[in-house]
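Protein chains: 2
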Amino acid sequence: MKKYVYSFDEGNKEMKSILGGKGANLAEMSKIGLPVPLGFTITTQACNKYYEDGKKIDSALREMIFENLEKLEEETNKKLGDLNNPLLVSVRSGAIISMPGMMDTILNLGLNDETADGLGKLTQNPRFAYDSYRRFIQMFGDVVLGIRKYKFDNILESVKEENGLSDDTELSANNLQDIVVKYKELVKNETRKEFPQDPREQLTMAVTAVFESWNNARAIVYRNINEIPHHLGTAVNIQSMVFGNMGESSGTGVAFTRNPSTGEKEIFGEFLINAQGEDVVAGIRTPKAIEELKNIMPDIYDEFIEITKVLERHYRDMQDIEFTIEKGKLYLLQTRTGKRTAKAAVNIGVDMAHEGLIDREAALMRIDPEQIDQLLHPTFKPSELKKAKIISKGLPASPGAATGRVYFTSEDVVEASKRGEKTILVRIETSPEDIEGMVNSEGILTSKGGMTSHAAVVARGMGKCCVAGCGELKLDQHSKLFKVNDIVIKEGEYISLDGNTGTVYEGTIETQSVEMVGNFGKIMEWTDGIRKLKVRTNADTPRDSKIAVRFGAEGIGLCRTEHMFFKDNRILAVREMILAKTTEERKKALDKLLPFQKEDFIGIFEAMGSRPVTIRLLDPPLHEFLPHKDDDIKSLARELDIDFNKLKETVEDLKEFNPMLGHRGCRLAITYPEIYEMQVRAIFSAAIYIVEKKGIDVKPEIMIPLISHEKELYIIKKLVNETAEEVMREKNTQLDYKVGTMIEIPRAALTADSIAKEAEFFSFGTNDLTQMTFGFSRDDAGKFINEYRKKEIFEKDPFERLDELGVGKLMEIAIKLGKETRSDIKLGICGEHGGDPQSIDFCHRMGLEYVSCSPFRVPIARLAAAQAVIRNR
Amino acid sequence: MKKYVYSFDEGNKEMKSILGGKGANLAEMSKIGLPVPLGFTITTQACNKYYEDGKKIDSALREMIFENLEKLEEETNKKLGDLNNPLLVSVRSGAIISMPGMMDTILNLGLNDETADGLGKLTQNPRFAYDSYRRFIQMFGDVVLGIRKYKFDNILESVKEENGLSDDTELSANNLQDIVVKYKELVKNETRKEFPQDPREQLTMAVTAVFESWNNARAIVYRNINEIPHHLGTAVNIQSMVFGNMGESSGTGVAFTRNPSTGEKEIFGEFLINAQGEDVVAGIRTPKAIEELKNIMPDIYDEFIEITKVLERHYRDMQDIEFTIEKGKLYLLQTRTGKRTAKAAVNIGVDMAHEGLIDREAALMRIDPEQIDQLLHPTFKPSELKKAKIISKGLPASPGAATGRVYFTSEDVVEASKRGEKTILVRIETSPEDIEGMVNSEGILTSKGGMTSHAAVVARGMGKCCVAGCGELKLDQHSKLFKVNDIVIKEGEYISLDGNTGTVYEGTIETQSVEMVGNFGKIMEWTDGIRKLKVRTNADTPRDSKIAVRFGAEGIGLCRTEHMFFKDNRILAVREMILAKTTEERKKALDKLLPFQKEDFIGIFEAMGSRPVTIRLLDPPLHEFLPHKDDDIKSLARELDIDFNKLKETVEDLKEFNPMLGHRGCRLAITYPEIYEMQVRAIFSAAIYIVEKKGIDVKPEIMIPLISHEKELYIIKKLVNETAEEVMREKNTQLDYKVGTMIEIPRAALTADSIAKEAEFFSFGTNDLTQMTFGFSRDDAGKFINEYRKKEIFEKDPFERLDELGVGKLMEIAIKLGKETRSDIKLGICGEHGGDPQSIDFCHRMGLEYVSCSPFRVPIARLAAAQAVIRNR
């Protein structure tokens, strides 16, 4: 027979997976001799069995519960339902991973008409007894019987009104008895049954209700959001009640052993006199700061402070503690690791390491890499924020805070920023043509598109604030304004965006950079001593490169060259190149682009110094650079002095059924080698310029995209080498460089042994690799991916977290085969997964040399890479 | 020192890879004592070395050539350049794989002003000597010196004219001497050098020219078409000349040991008296049938017949033989395996097996599976064809011959065929909406689209004649006519299509079914005794199913259900279903479709009898079923009584960036389970109906498309099982069935162990698997695939031949993993590769249970499957 129930003295803190967090810690506190009210825990396995058995508590479990109850009765010398000395218990949920407030709790169980009377006599405090009874009926009614809470509140309020009372504490014993009668009537009316008077029946019903609350709607949503598996189940803790509501020498409170928002080493908490736990939570009365307890009950305060020290030392982490004082005696009801802000996490980690409480590695492991993001972006001043007027809310697509004047086109943003204005770019959704506007604005607001829309992805890449998919926004491009209900914002007017919450505000709000305290630098330094993975960045501009270097980037893993093509007036030359009818014409147009590209690379090389820079040659299909609307085609036709109809035909001709699977990447260079030739020429001219003018040892790595066959790479590598040698001969110099490839097509991974013959490095392009491996495109998956999440087909969007079983397996194959051919092949990743902590862990296990991510994720990646080492040791 | 030159007595027929086909067979004939003029062969390796050395004949090779020449001089007792007894030689190319007429040949080498004179004296036949000399100058001038042949012809003609002669044989020795003088003048004018008089220099130049001819333009094209590797190189055969032009007792000819077009056992050939080989080829004189030789030179005829028998017995195959008679003596100049039609291949194979010359397996191995196609489709009567007027020529997209009245829309074709007319559907290109028209027409003609366009693929699938991409055709849909230059064909007028050649004819032409002689049936029977792979068919209609069964299909491997959706007026219900706003509405529309679908499956089950039928549930994205042009949207809006703008918006909304990677396949059933539910209901209702009414043991296999994750299959399999059980419960019966999946997404292959938990069978959908593995779509690859072929990146279009290294590796992984979970998992392939012989060989090696292909490829697949067994034994 499996053991489904553990008394507190049988458990310890390592047993979380069966006792839940709360149960394990109650047992642990008992074990180390802290004052914990007696009790026992029904395991999570019992909860799972309840569901397996078709939502039934079987007789074996029931028996174990009552055996433990009897033991509890013996030890407390009270009896459930005893008229003279009744045992009252609390029944609380306790999940393995904390889900605060999501599941249910019942206090004061064991009370009925008779035991309430007995309790009044025993305590000589009938007011307390009926206060407890009415609380119990209300909680039980709500949680177990499903009666909406406001109906109880209405009764309570009406009695207070009848008696001219304003505060609950003013209710007399008689008032409370009256309320109890009315509550029981409510229960009878709602359930067509009397309120259950048998305490054992109450207990069984309450345990069932807690089991059921594991699958209530809000718990399911919470687990989905927090990626908590649905099969874990909850434990149930049955504990003898202690009462904070037994008068002025009683009370209840919560406290953190350190400040959870700053990390400062100080007790941080609050308490209420003469109250039960839910009063603190409900906010009916305003609690007092914990320090005041010193004045009211100095001994209790000292005892409590001593206990907090014991607990922090014992758990070696900041604790979040619940306590109750019953008639001058202190009881602990819960302790758990306290939640904290990123800032607090960093500070507590460093402090505890300095205090010798933990070592550096433990300090690193306690910081959630995702949280660090908070430390890197500006925020609104909280004082200002309170006064701000909210216009609407969209998706928090890219963190940060931004204030600026509204403009509706990329061109207008660019113009305004030339005038020195701070701007916000507002679009239905962005496209590659908006890049310049995005770069020059403070933030981006779109009315359509999700968390992985163009605007969101590019903004995150730039570390720029973005609110996406703000559906309420009605854009009127023509009149240059937008409306939200009856609010109208015209071009040039100020708005403010909070990328952390997705909120859009009217007018300006002052922002603040979160101070980067010295401890953050220390944490980053510690990661560098531990991690095996190098961290590079994906950056296409000198500006991004500089930010990334400041954040610790050790090179560029992906420098896309297509964004450069949209800049300024070079797009015209790009279009001439695309529309060229002969190789000659195409070369002429490319010659115009060459000096621009050279300039781009000079800026980037200079920013990166002697760090390696991996440049990906042109990747997107050419039609992305052409206009598609008739008006735009017309104006281009005029500009190039060609026939509109012919141009339109060419534009139509270049359209593709599946652009993702079309004429792009290295395929462009197989058909038009002169494009890559120009790019390589620009790269090497720039590199040699920097070497000669600045004496910097530039390390270009030329990366060929979309390789599926070794022969593609063979042909293009030859072109690259020949062009590079030509430039070096012209400049009479030599330069070390590498030629490698993206592995982003399944076939490349599967034939990596052949491809490694040519490639000096592999960089896993896991965005495309994920698309091809799953066979769905990021742009189209929106139509079904929600249903997939809902039906739990994907635990996590595979574009956010690397799919280890599928995409990861391809990577594993590629690594194995690649090394067979070239044992020292350089391996990296440059898909968006390169900035996802869990995916970074996978990359570490696969033995990659580096990950590459957007500049603002570099610190996150550094931490995640260090954690991966520790975790997998 | 590597041996680069072999005397004929040093080689044999197994040495083809270094001696080339011609050289190896000359050596072999020498070896078995047949009369072959003496000579030697310069190896293919020498040719490759020539290219490696930068197109130079190095001194070592030169030395070996002249050593062998001296040996030849000794054995023939003649000397190159000897004034009195000159040795003359032929210099011929000889590739490993025959490339008839693609490379160069020079005869009579060794002649110059002096040896010509000497030869005239020696033979007492100056006419012969100067005839040979002028032939030599012309050939050498053309092949070695690059002087256009017509310039020599002009001289020859003018001399004939001057002397009033009409036939070359009438030219006197003096005339020929005159011609020689003029030829040499031409050479001097063209090359600014004298015609080379040194025979050794002539020889070196000739060998060089033959080496060079390996890479002439037409040879490269020929190799590309015939998939002959470009690195093989050619051998060069130097052989002492024998002369068919030494008078009436001399001659030359070619013969096959059996009839190459029917396979009949009879010598089939022709000859010319007093001529050299090129006269036969050039067609200046009309050759005589070989039988006439019996009258002219009975002894020679008998000797030749005897030799043909020896050669056929020796090579155990039909031979194609070249011979020359010099002054009453027979010499053999070449023997090789004779090319033949499919019909001949079948008949010769069966006959030789019966004769005991070869065994059945050898007979099977000699038939090219691709060729069999010729035997399955109707052709035009040759007599009729001669009279027919050609309108234009397009691509031979799907074989067969068809005559019918022209119609320009699917609807008009359907109407006309209801009236009993035979029709040809003419479209710019076809789309899924044209399916009904394609089914009801005799043939399809399109003005755009290539060999893998919609029209081509679907027509081949149906075994229906199709000419695609006929670019000259100008369609005027409005006036219901098409023009080609000044020919105008109006609706209702007759045209005829030849799908084997791509030719379009005016008017009607009578067709004939090629008689399926008994030998073909025998060959098919033999394959069945050998092959391990079962052969199923891809068929969606009772008609196709019946054809396939007639061709020997053992089941359906892929029954697509989407074509059914376009039929008749059910498309309206389909559109209602797509446009439904609620599940209720959707179910209502699906209910309308249910009886149609049931009917479809009844027809197919009945046609297939107790053979297994694999039905793939709905696969394409829903927008494929909606109209896209404004006019069509308007008329649909009217039909469904909804607002045009709203409908248009929905149509736009459903559009996808990458439909191939979009909301289709099983993803449809994850979001709209009711679609598959309807289909499963239809399948099981139909199956039970057939079982009960016809007593046939129906074996439905439900196939889920586009699975990428085990959980998709888990959810859908559950739906299928529940629906099936519901239907069976309603009908109070039981039915055996299987549920399996396509493996067409890389991730499915990579996680096949998990997927096999649910799938009872895997069917490799190698069309999509190829697209995803390579990362390019079939529809878009047209823009670059030619360049890929040209640059030899792909030897073969991976959509035609399975890419073993990439796609094949995924299959291998899937098979291994699938069997780990379910050792008896059923494995098949249903992509178009299932009908490609080389891909079938791979499927055999992978241990699949069956291949599935279009009905008309079933016999091809049966043969290829048998050959795979023999080849891999």
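Chains A and B, in that order, give the protein sequences.
Taking the working numbering, the leading residue of the first sequence gets 375, the next gets one more, and so forth.
Taking the working numbering, the leading residue of the second sequence gets 375, the next gets one more, and so forth.
Note that beta-carbon positions come from the ideal geometry of N, C-alpha and C, so glycine has one too.
Given residue i as reference, the closest of the options once Cα atoms are compared
i, options, result
"Met579 (chain B)", "B:Asn499, B:Ile869, B:Phe526, B:Gly484", "B:Gly484"
"Lys726 (chain B)", "B:His688, B:Phe782, B:Thr417", "The question names Lys, but residue 726 (chain B) is Met in the sequence shown. The shortest C-alpha separation from Met726 (chain B) is found at B:His688."
"Ile470 (chain B)", "B:Met438, B:Ile406, B:Glu448, B:Pro603", "B:Pro603"
"Arg436 (chain B)", "B:Cys421, B:Phe970, B:Glu448", "B:Cys421"
"Glu441 (chain B)", "B:Pro460, B:Arg597, B:Ile612, B:Gly468", "B:Ile612"
"Gly881 (chain A)", "A:Ala776, A:Leu519, A:Val1094, A:Ala490", "A:Ala776"
"Gly643 (chain A)", "A:Gly625, A:Glu622, A:Ser623, A:Glu665", "A:Glu665"
"Asp505 (chain A)", "A:Gly520, A:Asp487, A:Val518, A:Ile521", "A:Asp487"
"Lys1112 (chain A)", "A:Val987, A:Asp1005, A:Asn1019", "A:Val987"
"Lys822 (chain A)", "A:Ala591, A:Cys839, A:Leu847", "A:Leu847"
"Leu907 (chain B)", "B:Leu493, B:Ile921, B:Gly931", "B:Gly931"
"Met982 (chain B)", "B:Leu991, B:Asp1027, B:Gly926", "B:Gly926"
"Asp786 (chain B)", "B:Asn814, B:Lys763, B:Glu1099", "B:Asn814"
"Glu1260 (chain B)", "B:Arg1103, B:Asp1153, B:Pro409, B:Glu1030", "This structure cannot speak to residue 1260 (chain B), because chain B is shown only from 375 to 1247."
Opening and closing residue of the beta strand (DSSP E) in which residue i lies
i, result
"Gly394 (chain A)", "No beta strand (DSSP E) contains Gly394 (chain A), which is instead part of the alpha helix (DSSP H) from 390-405."
"Leu539 (chain A)", "Element bounds for Leu539 (chain A): n/a, residue is neither H nor E."
"Ala775 (chain A)", "775-781"
Cβ distance (whole Å) where residue i is taken to contact residue j below 8 Å
i, j, result
"Pro773 (chain B)", "Arg714 (chain B)", "Not quite, the Cβ-Cβ distance comes to about 18 Å (not below 8 Å), so this is no contact."
"Ile695 (chain A)", "Val628 (chain A)", "7 Å"
"Pro502 (chain A)", "Met620 (chain A)", "Looking at the sequence provided, one finds Phe at residue 502 (chain A) rather than Pro. Yes, Phe502 (chain A) and Met620 (chain A) are in contact; Cβ-Cβ is about 5 Å, under 8 Å."
"Leu968 (chain A)", "Met1052 (chain A)", "5 Å"
"Ile1189 (chain A)", "Leu1179 (chain A)", "No, Ile1189 (chain A) and Leu1179 (chain A) are not in contact; Cβ-Cβ is about 16 Å, not under 8 Å."
"Lys1008 (chain A)", "Phe999 (chain A)", "In fact, because the Cβ distance is near 17 Å, the residues do not count as touching under 8 Å."
"Ile934 (chain A)", "Arg990 (chain A)", "Reading off the sequence, residue 934 (chain A) comes out as Arg, not Ile. Rounded, the Cβ-Cβ distance is 6 Å, consistent with contact."
"Val841 (chain B)", "Ala771 (chain B)", "6 Å"
"Leu1143 (chain B)", "Ile741 (chain B)", "Leu1143 (chain B) to Ile741 (chain B), Cβ: 30 Å. No contact."
"Ile798 (chain A)", "Glu816 (chain A)", "6 Å"
Inspect the CB distances between the stretch 955-965 of chain B and the stretch 1082-1099 of chain B and report whether three or more fall short of 8 Å. No, the stretch 955-965 of chain B is not in contact with the stretch 1082-1099 of chain B.
Along the stretch 1137-1150 of chain B, where does the CB come closer than 8 Å to a CB of chain A? Name the residues. Residues Asp1142, Gln1145, Met1146, Thr1147, Phe1148, Gly1149, Phe1150.
Across the stretch 802-809 of chain B and the stretch 862-875 of chain B, are there enough close Cβ pairs to call them in contact, namely three or more that are closer than 8 Å? The stretch 802-809 of chain B, when compared against the stretch 862-875 of chain B, does not touch it at the 8 Å Cβ threshold.
What residues in the stretch 1003-1034 of chain B bring their beta carbon closer than 7 Å to a beta carbon of chain A? Within the stretch 1003-1034 of chain B, those residues whose Cβ lies closer than 7 Å to any Cβ of chain A are, in chain order, Glu1030, Phe1031, Asn1032, Pro1033, Met1034.
Touching or not, the stretch 377-384 of chain B and the stretch 940-948 of chain A, by the rule of three or more beta carbon pairs under 8 Å? In short, these stretches do not touch, since the Cβ pair count stays below three.
Contact residues within the stretch 1060-1089 of chain B, judged by C-beta distance below 7 Å to chain A: Cβ contacts with chain A come from Leu1080, Ser1082, His1083, Lys1085, Glu1086, Ile1089.
Segment contact flag, the stretch 1179-1190 of chain B with the stretch 1118-1126 of chain B, C-beta cutoff 8 Å, min 3 pairs: Touching, per the Cβ criterion.
Quick check: the stretch 405-415 of chain A against the stretch 445-454 of chain A, are at least 3 beta-carbon pairs closer than 8 Å? Enough Cβ pairs lie closer than 8 Å, so yes.
Are three or more beta carbon pairs between the stretch 1206-1214 of chain A and the stretch 1151-1166 of chain A nearer than 8 Å? Fewer than three Cβ pairs drawn from the stretch 1206-1214 of chain A and the stretch 1151-1166 of chain A lie within less than 8 Å of each other, which leaves the two stretches out of contact.
Give, in chain order, every residue of the stretch 1036-1048 of chain A whose Cβ lies closer than 8 Å to some Cβ of chain B. Those residues of the stretch 1036-1048 of chain A placed with their C-beta closer than 8 Å to a C-beta in chain B are Gly1036, His1037, Arg1041, Ile1044, Thr1045, ordered along the chain.
Given a limit of 8 Å on CB to CB distance, which residues of the stretch 978-1001 of chain B reach chain A? Listed by position, the residues of the stretch 978-1001 of chain B near chain A (Cβ gap below 8 Å) amount to none.
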